[in-house]
Amino acid sequence: MSIESTATRDRFFDGRNAVRRAVLPQLIGRTLSINDPEGRAVARWDTADMTVVDQNKANGSMVFTIASDPKPRLVLFDSPQRAALLAAEPRLRRWRRHRARHGMAVGLAWTLFGVALAALLYFGWRDGSAWVADSVPRKWEKNLGDRVRGAMLDGLYGCEGKDGKAAIESLGRKLLPESIADLPLTIDVVRVKQVNAFALPGNHIFVFSGLIEKAKNPDELAGVLAHEMGHLELRHPTRGMIQQMGLSAVISLMFGGNAAGDIAYLATTLSYTRDMEREADTRAIALLQRAKIHTNGLASFFRALKDDKDGDSPWPDWLSTHPGLKERAETAEKAAQTNDGTPALTDAEWRAVQGMCTAP
Amino acid sequence: MTVQSPATGQSAPSQQFAPREQFTYDGRLGELFGIFFTNLLFSIITLGFYRFWAKTRMRRYIWSRVSLNGDAFEYTGTGGELLIGFLIVVGFFIVATVLKTVLDLAAPPDSPIPALATVLFALIIVYLVFVARYAAQRYRLTRTLWRGIRGGMTGSAWAWGFKAMLLGVLTAITLGFAGPWAQMRLLDDRVNNSYFGDAKASMHSSSGPLYVAFLIGLAINLIGSFVIIALCGVIAGGSGFLSEFLTLAGQNTDTEEARRQMDELMKQHLGLLIGLGVFFYLSVIVLGIVAFAQYYVAMLREIANKLTMAELRFGTTVTIGRIIGLALVNILVYLLTFGLGLPVVIHRSLRFITNNIQVYGEIEGSQITHADLPRPRYGEGLLEAFDPGLF
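In order, the protein sequence lines correspond to chains L and U. Be aware that the first sequence starts at 420, since it is given in our numbering, and climbs by one per residue. Be aware that the second sequence starts at 23, since it is given in our numbering, and climbs by one per residue.
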């Protein structure tokens, strides 16, 4: 392609209207005179003020503008005139590197800001939610718990065996710490074959019939109840719900979903950190000792659970929401030290509890 | 881009360039992959925060490689603008979530307030998505430059969002039959508020052709489904499964024995059942694609026929076969490469779009001047949160 024809491909847009002007650029000292084909100057740019907007690798054109008023555009194809411009102002040749460096700096600054913000939100949320849970009025906690309990009972078969219910509730009352005795305690046994038990805000405990079947003796049941009461006393269920309902809303925002979740199902999947579980274990041992009940039930139940795990159910089991079982069994054994006390239930009571889902 | 070199001897500026106004795309796959993988790398390093700059970088490249009548477009948006828009939305969500949680905790049991709040929250989100769609178009138009002149958009995103909600309700009430009409009214509004410089885009579309396509689509789905079900029945009948099934189903199914027999029967014909299931779903999907594609093509043709911009009119060469071909290959490429083939998808789509838009008329550039239409300070916000992020 001849120099002449490439030169005429150069074009200029003044930023005021959409007219394409064929131009011939001419470098005069530090000024680029942008001339129309008749030789009249359409614009005069100070080369020090010029910046590169873009470069098209396919056709070799470069687009320029001026930094002080970045509205006009000058498109130059490869030509001796452009080579002269780039030689006089080598900075223009390195535009890509400049832009990348600038982009990196801006991006890095924003990223640091974002990471700092995310960290602040995460830790603020984690530690803040404990604080919120502790300062939620007990009445609100009860409202929340009552609603979730109602929703759970709507969808599940509650076991109503009278003697069993009386026995497990009396065991519960023996274990219930005084600090949370302001609200009535409910223990609902429901017919689900999964081995699971969990606490809801406002002194509600759910025990699945699968757990009662799995338990070898009433002490193991007492251990689980005491553990859940430990959670209740430390207000873990409330903290967990605030954390996980809130966090899930944030996460679903990130992934483009909506924030509504099934509260009742969520309650069964609440999982606590290992620290929270350890705290509840420690409390459980203390509660068992105070109630003068054998203290090794919790540890032996952990050991029994450790190896077998049945699937096939929409309900998660106790294992999946209680990590680190082996270590915790050891800790619980150590904490209990001795196995003082009496059995949690009499043989007759234990049989009644075991028969709760079949007895009238 | 290949700008034709001037014919020998001619020097008048107006004759130096190709007279035919056409969209062209001269992007290179290699460059797209370069940008894509750098973007991916930085997005991973920055835990996703780079996405705003990644998107901007990709758009800059794409815009600059699409030209109309030999002059390339330019994208002038920045990553920071997108980030700020996003942060505003995140702030809104945090406030809304906290409010919602407090409501849930504070409401007495059996109170309807939490349920109402959930519905209200969902409605607000839907509304905001509509608002965001309008606002995003405004953002992109004001960040698009051609021949040194930028686009713009008038009108209120809030009002349009409200109208879109109302028409959405109308569409639902009429079981979808108001859909084509509502869709074109909303599109008309967006087009008639769009500007390039001071030149207004204009479109007064008719939903007639869309209703024809809508009914054809309905017929394809209904008749096709009937044929598929009949075919499944014939195949099941031929294998003897159907008669055995009906016999068993006719008996008392409440007994343990009947349930066992039924399980046994299912197990015997497991292969057939799976085959029929796969056949059924695949056929329904194919029907849906064909029905949707012919509707979509009718819509594109109507838009192309009715849209005018300055002195330009448009046409399209898109056909049902071509659009299905484009979509199917794109989906296959995307899935088989686990998303890493995205540049191929972008590349093919852009080539398809520019090849299938015809432009008639000539732009009288001197009549299009820069207009100071409002330029939003930050970008896309909510749409960013819901955007699949193709570009």
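Quick reminder that beta carbons are idealized off the backbone N, C-alpha and C, glycines included.
Distances from the CA of residue 336 of chain U to each of U/351, U/253, U/378 and U/354 were compared; the closest alpha carbon is that of U/378. The C-alpha of residue 108 of chain U lies about 34 Å from the C-alpha of residue 432 of chain L. The beta strand (DSSP E) runs lying completely inside the segment 143-227 of chain U and spanning 3 residues or more are 166-168, 171-175, 216-218 and 221-224, given in chain order.
Remark: C-beta atoms of residue 604 of chain L and residue 591 of chain L approach each other more closely than 8 Å. Setting aside the 5 residues that flank it on each side, residue 244 of chain U has no residue in the same chain whose C-beta is closer than 8 Å to its C-beta. The contact set of residue 387 of chain U on chain L, defined by CB atoms closer than 7 Å, consists of 436, 437, 438 and 439 in chain order. Cβ contact annotation for residue 392 of chain U (same chain, cutoff 6 Å, sequence separation greater than five): 171 and 219, in chain order. Within its own chain, the residues whose Cβ lies closer than 6 Å to the Cβ of residue 503 of chain L, once the five positions on either side in sequence are excluded, are 446, listed in chain order. Taking the beta carbon of residue 86 of chain U as reference, the chain L residues within 7 Å of it are 473 and 475, listed in sequence order. Leaving aside the five residues that flank residue 487 of chain L on each side, the residues in its chain whose CB is nearer than 6 Å to its CB run, in chain order, 468.
When C-alpha distances from residue 173 of chain U are compared across U/328, U/289 and U/98, the shortest belongs to U/98. 8 Å or more divides the Cβ of residue 369 of chain U from the Cβ of residue 52 of chain U. With a beta-carbon spacing of about 12 Å, residue 390 of chain U and residue 223 of chain U fall beyond the 8 Å limit used to define contacts. Rounded to whole angstroms, residue 371 of chain U and residue 86 of chain U show a C-alpha spacing of 16 Å. Residue contact check for residue 101 of chain U against chain L: a CB pair falls below 8 Å. Proximity of residue 68 of chain U to chain L, defined by a Cβ-Cβ separation below 8 Å, is satisfied.
Sequence-ordered contacts of the segment 706-724 of chain L with chain U are nonexistent [C-beta pairs closer than 7 Å]. With a cut-off of 8 Å on Cβ pairs, the segment 142-161 of chain U is in contact with the segment 176-191 of chain U, counting three or more such pairs. Under DSSP, no beta-bridge partner is assigned to residue 603 of chain L. Just measuring C-alpha positions, the residue of U/357, U/205 and U/169 sitting nearest residue 484 of chain L is U/169.
Taking each of L/657, L/500 and L/439 in turn and checking the Cα distance to residue 557 of chain L, the smallest one comes out for L/657. By the 16-neighbour rule on beta-carbons within 10 angstroms, residue 534 of chain L is exposed.
Here residue 340 of chain U carries a coil assignment [DSSP, helix/strand/coil].
The beta carbon of residue 776 of chain L lies closer than 6 Å to those of 578, 610 and 628 in the same chain, with the five residues before and after it left out. Nearest CB-CB separation between residue 126 of chain U and chain L: below the 8 Å threshold. When 9 Å is used as the limit between beta carbons, residue 390 of chain U is near these residues of chain L: 436, 437 and 438, in chain order. Beyond the five residues adjoining it in sequence on each side, residue 78 of chain U comes within less than 8 Å, by CB distance, of 97, 99, 100, 101 and 104 in the same chain, given in chain order.
Residue 632 of chain L counts as exposed, since fewer than 16 other beta carbons sit within 10 angstroms of its beta carbon. Contacts with chain L at 8 Å (Cβ-Cβ) do not include residue 333 of chain U. Going by C-alpha positions, residue 365 of chain U is about 17 Å away from residue 64 of chain U. For the segment 497-530 of chain L, residues whose beta-carbon sits nearer than 8 Å to a beta-carbon of chain U comprise 522, 525, 526, 529 and 530. In the DSSP assignment, the residues bridged to residue 470 of chain L are L/484. Residues of chain L whose Cβ lies closer than 7 Å to the Cβ of residue 169 of chain U are, in chain order, 432, 437 and 439.
Taking CB atoms only, residue 485 of chain L has no neighbour in chain U less than 8 Å away.
Boundaries of the alpha helix (DSSP H) around residue 371 of chain U: 364-377.
Per DSSP, the beta-bridge partners of residue 492 of chain L are L/432.
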